[in-house]
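Residue numbers (the working numbering): -10 to 105. Ideal Cβ positions, reconstructed from N, Cα and C, are used throughout, including at glycine. Keep in mind the model is a prediction, meaning the values are calculated, not measured. What follows is a single structure, written as structure tokens, with notes after it.
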Amino acid sequence: MQPIEPIEVQRRLDMLAGEPLYIHLETTNGAYASHRDSSFFSAGTFFRNAQLTFLHGKITGDGPFRIGFETELGWLYAEGLTDWTVDSEERLLMAGHDQEGKLAIALEFSRKPFPK
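Below, the structure written as structure tokens:
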């Protein structure tokens, strides 16, 4: 992965608009964080292979970035994104890493389902 280039990411989002896609959205504040510190409030999300067709996608901010998607029925957005790549299967993979390099958020789009 490399640091997000907003113009390039926006170009990719524009190319994917209107296509049925599979989404992976994950947030974490550290595996077992509350087990190491009982006062730490741990929250997270793991959502894999949801199908979504978005009408419009937009990246905003100066970094970390926020990306929002308008759909027929509502919105999806993710914030805290710092890095991105397009892999050999043409999947758009974005992530947000904290100051220590640990994963905080992942947002990924694919034309085919992701592996389980």
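Looking from the CA of Leu70, the closest CA among Gly52, Glu79, Gly63 belongs to Gly52. The C-alpha of Leu65 lies about 30 Å from the C-alpha of Ser28. Straight through space, the alpha carbons of Leu44 and Gln(-9) are spaced by roughly 26 Å.
Of the residues Phe98, Phe103, Arg80, Ala84, the one whose Cα lies closest to the Cα of Phe58 is Phe98.
The alpha-carbon separation between Ala32 and Ala93 amounts to approximately 11 Å.
Each residue's CA atom was taken as its position, placing Gly85 and Asp72 some 6 Å apart.
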